[in-house]
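> Start counting at 1 in the sequence shown, then tack on 1, and there's your number in our numbering.
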Amino acid sequence: MARDPFVVVGGDAAGLSAASKFRRETDREVIVFEKGQWVSYAHCGLPYFVEGSVERLTDLLSLSPSDIADRGIDLRRGHEVVSVDPEERTVAVRADGQRFDQPYSELLVATGARATTGSFDASLDGVFTIHGLDSAAAVDAYLSPPDEYDRDRLGDGPVDDALVEHNAALVPPETVAIVGGGYVGIEMAEALTARGLDVHLFQRTDHVLSPFGAAVGERVESHLETQGVTVHTGTAVDELVGADRIEAVVGGGDRHPVEMALLGVGIQPNTALLDGTGVARGPSGAVRTDAYGRTTLPAVYAAGDVATARHAVTGAETWMPLGLTANRAGRAIGSTVAGDPTPVGDVAGTAVVKAFDLECGRVGLVDTDVAADAGFDPVRETITAGSRAGYYPGGDETTVTLVADRRTGRVLGGAIAGRDRAAIRIDTLATAIEAGMTVADLERLDLAYAPPFSPVWDPVLVAAKVVNGRLDE
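1) With a threshold of 7 Å on Cβ separation, who are the neighbours of Gly113 within its own chain once the five nearest residues in sequence on each side are excluded?
2) Considering just the uninterrupted stretch of the alpha helix (DSSP H) at Ser21, what are its terminal residues?
3) What do you reckon, are the CB atoms on Leu403 and Ala313 nearer than 8 Å?
4) Could you say if the region 363-374 and the region 441-452 meet the contact criterion of at least three C-beta pairs nearer than 8 Å?
5) With distances taken from CA atoms, which of Glu360, Ala327, Arg295 and Ala123 is nearest Val348?
6) Please state whether the Cβ-Cβ distance between Thr399 and Pro453 is less than 8 Å.
7) Could you compute how far the alpha carbon of Ser223 sits from the alpha carbon of His201?
8) Mind checking which residues open and close the beta strand (DSSP E) that includes Gly316?
9) Are three or more beta carbon pairs between the region 143-160 and the region 102-113 nearer than 8 Å?
10) Measuring alpha carbon to alpha carbon, tell me which residue in Ala330, Pro322 and Gly470 is nearest Asp291.
11) Beta-carbon within less than 6 Å of Val467's beta-carbon, same chain only, minus the 5 sequence neighbours each way: which residues are those?
12) Can you tell me where the alpha helix (DSSP H) holding Met261 begins and where it ends?
13) Please state the DSSP three-state secondary structure of Ser455.
14) Using a Cβ-Cβ cut-off of 6 Å (strictly less than) and excluding sequence neighbours within five positions of Val78, which residues of its own chain qualify?
15) How do the region 337-347 and the region 175-188 stand: do at least 3 beta-carbon pairs fall below 8 Å, yes or no?
16) Please report the distance separating the alpha-carbon of Gly396 from that of Leu430.
17) Per DSSP, what kind of secondary structure is Arg154 in: helix, strand or coil?
18) Would you mind working out which of Leu446, Ala287, Val280 and Asp378 sits nearest Glu88, comparing C-alpha positions?
19) At the level of alpha carbons, what is the spacing between Arg411 and Ala373?
20) Please name the residue in Asp86, Val31 and Asp75 whose C-alpha comes closest to that of Leu298.
21) Hey, quick one: how far does the beta strand (DSSP E) through Ala349 stretch, first residue to last?
22) For Ala138, which residues of its own chain have a beta-carbon under 8 Å away from its beta-carbon, when the five flanking residues on both sides are left out?
23) Please report the distance separating the alpha-carbon of Val250 from that of Leu144.
24) Going straight from the alpha carbon of Glu52 to that of Ala190, what length do you get?
25) Relative to the C-alpha of Thr309, which candidate in Gly324, Ala300 and Ser285 has its C-alpha closest?
This is the structure we're talking about:
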């Protein structure tokens, strides 16, 4: 008797990585249900499309529906899975006004996350989030004068034409308020500046990019200001003001006139289809998973922005919605379901972001309070060192924050900022964390040296020397 298919809910990073790996390892049937029309796209590239660095929206697609079909995957777009029956091992699917039940042998929930708008009225014209290709298309249309709008930039993808046409007909903005100084806020500040807008960035805490630490945040804030961005730190936006279209934001007791607001206040995992199943949840309501991506429901897996993972430093359950995490977990689950049990891997929160020409990276535990709460005795130092030999042109000051445990010397985390290949240096710290290295081990690493690439002592090694010297204090 033939087994029921492997069913995947979600047609982006985790879902299609799982389905593709599964089909490479077995000839069993796999069905991928996708609620929308877009599949397999580079979410992280959206700001660069808005900016104009990416010429067409469809350039962000990794796989076309025909590519997916060629892999032997039964992709069904416009099919929303609305509920799961773990006892019957079926999912309820809604499509074209109809509803049907689909049996599964194994189920992967890879439904991702959605942008949140908090208490703000996001129905006003001129108010946007950036989460999905249609949102980027709408922003691009809104920024373009009606008589200059280039519809060809969208390519031949399944764009929400009504949304695009509505925004293309409006008078383009001159001033924008970006609410939130995280990844999206920083990247969109650059993109919207490139589109000629007067950009105001509002961050409710003392520094932008809070997970990167104060040293990186301060450097980013200063750099944004030199690029013409007005940065409002320690300023929460309380209200979006407008009748039909955004007219102002209210924050810090002041009213700031704007014609556009971009909300980057966070995301939430899409877990509604599992309501009523009794599945265990973790931080932020994400679906709890084990080392193999298994949930607490039989034969049900979860991966990507909807799922929890284990932190590489603390060993605790965490939720870190990042691109590599989703792709890696999906691929591992595809192998496991095909018969080769494969761990999804731990996460350290390794991330990079670009603020104009300033590169930033972070990994592990940067906040000493968080490290102390996790049971460590953290030592943190921030150093500044050159990125190349001092006599070689093209170098820049690189800021490195390094955190280690005083008792064991173990590397706990770090952050980096600079304009000369700074971001990629964070991978050295990520590798050190994965290997369980101490700062003494890190200091002894035989990193490459030549004047065009690095000083004799790479900035990461300089930071390791300084922290190692403090461990016995």
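Glycine residues also receive a C-beta, built at the ideal position from the N, C-alpha and C atoms.
According to the structure data:
1) Gly11, Asp13, Asn271, Gly305, Asp306 and Val307
2) Run containing Ser21: Ala14 to Glu26, per the alpha helix (DSSP H) assignment.
3) no
4) no
5) Ala327
6) no
7) 14 Å
8) Element bounds for Gly316: n/a, residue is neither H nor E.
9) no
10) Closest option to Asp291, judged by alpha-carbon separation, among Ala330, Pro322 and Gly470: Ala330.
11) Correct list, in chain order: Glu382 and Ile384.
12) Where Met261 is concerned, there is no enclosing alpha helix (DSSP H), although the beta strand (DSSP E) it sits in stretches over Met261 to Leu264.
13) coil
14) Val is not the amino acid found at residue 78; the sequence shown has Arg there. Taken in chain order, the residues that qualify are Glu35 and Gln38.
15) Per the Cβ contact rule, the region 337-347 is not in contact with the region 175-188 (fewer than 3 Cβ pairs under 8 Å).
16) So the two alpha carbons sit approximately 21 Å from each other.
17) Of the three classes helix, strand and coil, the one that applies to Arg154 here is helix, per DSSP.
18) Checked all of Leu446, Ala287, Val280 and Asp378; the closest Cα to Glu88 is Val280.
19) 14 Å
20) Asp86
21) Here Ala349 belongs to no beta strand (DSSP E), and DSSP marks it neither H nor E.
22) Residues Leu58, Leu155, Val160, Asp161, Leu164 and Val165 of the same chain have their beta carbon placed closer than 8 Å to that of Ala138, with the five preceding and five following residues left out of the count.
23) Taking the straight line from one Cα to the other gives about 19 Å.
24) 10 Å
25) Comparing alpha-carbon positions, the option among Gly324, Ala300 and Ser285 lying closest to Thr309 turns out to be Ser285.
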